[in-house]
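In what follows, a structure is listed as structure tokens, so that the remarks can point back to it.
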DNA sequence: GCCAACGTTGGC
DNA sequence: GCCAACGTTGGC
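So this is what it looks like as structure tokens:
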């Protein structure tokens with residue numbers, strides 16, 4: 003799951019009450035479908051920092067609440083407001099995540115790329131032109147990236 | 001700031 | 001449905 007740390011980074015999640023926050027503001031239909039249909043409580047995800055000095059994976063989160071309507075879409079004062087989203091037929095969805103682990107050594111994009119011909123050859127974040135903010139990760143990729151981070155996979 | 005890549009919009 | 005124009009993403 004990607005986020006720009008200037009907007010919401012892993013440290014913001016670490017400071018949040020119960021280290022839990024809504025993953026809101028997603029305004030892409032493909033990502034929306036994953037939030038709405040595929041996320042389940044207990045699922046885990048990497049927390050990726052994008053559009054920043056050192057893009058990469060900074061830790062992991064656990065889903066504590068599955069897909070439900072994103073209330074920021076209905077708030078005219080909110081930057082992610084969508085006038086076209088009908089509250090009786092919500093267009094945008096969010097999940098709630100809790101910080102699982104903040105990596106002592108983040109796995110930077112440049113390090114991930116070193117394995118783009120090997121164990122991470124299918125990692126969508128490394129695919130040219132990929133702009134999806136939420137992408138699936140296989141168990142093997144999960145384990146390998148923990149290895150790169152010198153972390154025991156959870 | 002640049003630019004490639006992609007998604008969305010809207011005229012036709 | 002096509003496609004040009006435009007906006008956004010995101011690495012560099």
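Residue numbers (the working numbering): 3 to 156. All residues carry an ideal CB built from backbone N, CA and C; glycine is no exception.
Asked	Found
Does the beta-carbon of residue 57 have 16 or more other beta-carbons within 10 angstroms, so that it is buried, or is it exposed?	buried
What first and last residue would you give for the alpha helix (DSSP H) that runs through residue 113?	111-115
Scan the segment 118-144 and note each continuous beta strand (DSSP E) run of 3 residues or more that stays entirely inside, going in chain order.	none
To the nearest angstrom, report how far apart residue 91 and residue 24 are at their CA atoms.	20 Å
Alpha carbon to alpha carbon, how far is residue 117 from residue 110?	12 Å
The alpha helix (DSSP H) that contains residue 46, what's its start and end?	First-last for residue 46: 46-51, but that is the beta strand (DSSP E), not the alpha helix (DSSP H).
Which of the three DSSP states is assigned to residue 31 in this structure?	helix
So, residue 3 versus residue 48, is the Cβ gap smaller than 8 Å?	yes
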